[in-house]
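In full-length UniProt numbering, the protein residues as written are 1 to 295.
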């Protein structure tokens, strides 16, 4: 007949074999002596055997207990080893590692990101790609290992987003212009930048401005970061951009408090992978790099 044995009872029995005292076992486990006694009685009833005898020197295991003790210890050790997740070793990872980034970050940081990954994953096949319209599906299928983009409440529930760093919308113009305030720039034509995974369905910040009865005129709608920055240098136009994507040769115009628009750059992965050691390591790697980027 199959016996159902509570593993906790076996752990208690092992401790009692070593300590030979209900009081000491109770202290060790944070339980009462009565509870420990009930544990032992319950296991004895399940096994149909006496496990301990009370002697002047304490509780002593019976011959039966001594006989099964080595096997119990070995079995519990194997169970614990199975349940303990092995520490992830990135230098031993030899599969493909595909990272998706928005074009705004890819053009600025792809070299640094490649070097960061190569240092941590020397044996991996590293691929850094632009976040595109089908990237969410690629993450779902496993073709993309890990994504980085701004948090989007419209993303599928099968995708897990975990915050990496806070960011904000900045207003930038070409450094050749003399304007320094929002009031001077608000009537300029604005570049609308298309970014897959963030505003390819709607322009979040322009929608926000519309709620405040602010509707900027449009200079152009483009999906090339390089072209946007070139246009700023050559014409009288303005551009709203995440702070992490700003360029040193452009002038940042301070936005009024009521126009502040906080962003959160997040990692994206399959929901089922959020506890996977690989995705956890990648998130921590990028989190640390982003937090220390100015140091």
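Every residue, glycine too, gets a C-beta built ideally from N, C-alpha and C.
Start-to-end residues for the beta strand (DSSP E) that takes in residue 129: Start and end: 125 to 130.
Assigned exposure category for residue 249 - 16 Cβ within 10 Å defines buried: Exposed: under 16 other Cβ atoms inside 10 Å.
List the endpoints of the continuous alpha helix (DSSP H) containing residue 287. Its alpha helix (DSSP H) spans residues 277 to 291.
Beta-carbon within less than 6 Å of residue 49's beta-carbon, same chain only, minus the 5 sequence neighbours each way: which residues are those? Answer for residue 49: 64, listed in chain order.
Closest by CA to residue 205, which one among 186, 169, 173 and 180? Among 186, 169, 173 and 180, the Cα nearest to that of residue 205 belongs to 169.
Reference residue 59; option with closest CA among 75, 88, 40 and 21: For the options 75, 88, 40 and 21, the alpha carbon positioned closest to that of residue 59 is the one of 21.
Only counting the same chain, and skipping five residues up and downstream in sequence, which positions put a Cβ closer than 6 Å to that of residue 287? Hits under 6 Å: 164.
If you drop the 5 nearest sequence neighbours on each side, which residues of the same chain put their C-beta closer than 6 Å to that of residue 39? 9 and 12.
Measure the C-alpha to C-alpha separation of residue 5 and residue 88 and round it to an integer number of angstroms. One alpha carbon belongs to residue 5, the other to residue 88, and they sit about 33 Å apart.
Which residues in the same chain have their Cβ closer than 6 Å to the Cβ of residue 102, if we skip the five residues on either side of it in sequence? Excluding sequence positions up to five before and after residue 102, its CB lies within less than 6 Å of the CB of 131, 149 and 195, all in the same chain and listed in chain order.
Beta-carbon proximity list for residue 1, same chain, < 6 Å, skipping 5 on both sides: Its pLDDT being 45, under 50, residue 1 is placed unreliably in this model, and the value from its coordinates should be taken loosely. None.
Measure the CB-CB distance between residue 256 and residue 167 and report whether it falls below 9 Å. Going by C-beta atoms, residue 256 is not nearer than 9 Å to residue 167.
Closest by CA to residue 43, which one among 28, 16 and 23? Checking every option, the nearest Cα to that of residue 43 belongs to 16.
Which one of 246, 235, 156 and 240 has the shortest CA to CA distance from residue 171? It is 240.
For residue 218, which beta-bridge partners are listed by DSSP? Note: residue 218 sits in a beta bridge opposite 190.
First through last residue of the beta strand (DSSP E) which encompasses residue 100: Looking at the DSSP string, the run of the beta strand (DSSP E) that includes residue 100 is 96 to 101.
Taking the beta carbon of residue 67 as the centre, do at least 16 other beta carbons fall within 10 Å, making it buried, or is it exposed? Exposed: under 16 other Cβ atoms inside 10 Å.
Per-residue DSSP class, three states only, for residue 205: Look at residue 205 here: in three-state DSSP terms it is helix.
Looking at the secondary structure, which residues open and close the alpha helix (DSSP H) in which residue 44 lies? According to the DSSP assignment, residue 44 belongs to the alpha helix (DSSP H) that extends over 33 to 47.
Distance check for residue 140 and residue 243, CA to CA, integer angstroms please. If you draw a straight line from the Cα of residue 243 to the Cα of residue 140, it comes to about 29 Å.
Look at residue 161 and residue 268 and say whether their C-beta atoms are less than 9 Å apart. Yes, they are a contact pair.
Considering just the uninterrupted stretch of the beta strand (DSSP E) at residue 171, what are its terminal residues? Per DSSP, residue 171 belongs to the beta strand (DSSP E) from 159 to 174.
Excluding the five sequence neighbours on either side, which residues of its own chain have a C-beta within less than 6 Å of the C-beta of residue 125, listed in chain order? Answer for residue 125: 96, listed in chain order.
Contact under 9 Å by Cβ, residue 104 with residue 203: In this structure, residue 203 does not lie closer than 9 Å to residue 104 by Cβ.
Option in 253, 137, 188 and 94 with minimal Cα separation from residue 235: When each option's Cα is compared against that of residue 235, the closest is 188.
Under a Cβ-count criterion, where at least 16 other Cβ atoms within 10 Å of its own Cβ denotes burial, should residue 109 be classed as buried or exposed? It counts as buried.
Enclosing beta strand (DSSP E) for residue 264 [first to last residue]: Residue 264: member of the beta strand (DSSP E) spanning 262 to 270, first to last residue.
What's the C-alpha gap between residue 185 and residue 238? The alpha-carbon atoms of residue 185 and residue 238 are separated by roughly 7 Å.
Taking Cβ to Cβ, would you say residue 151 is nearer than 9 Å to residue 19? No, Cβ-Cβ distance for residue 151 and residue 19 is not below 9 Å.
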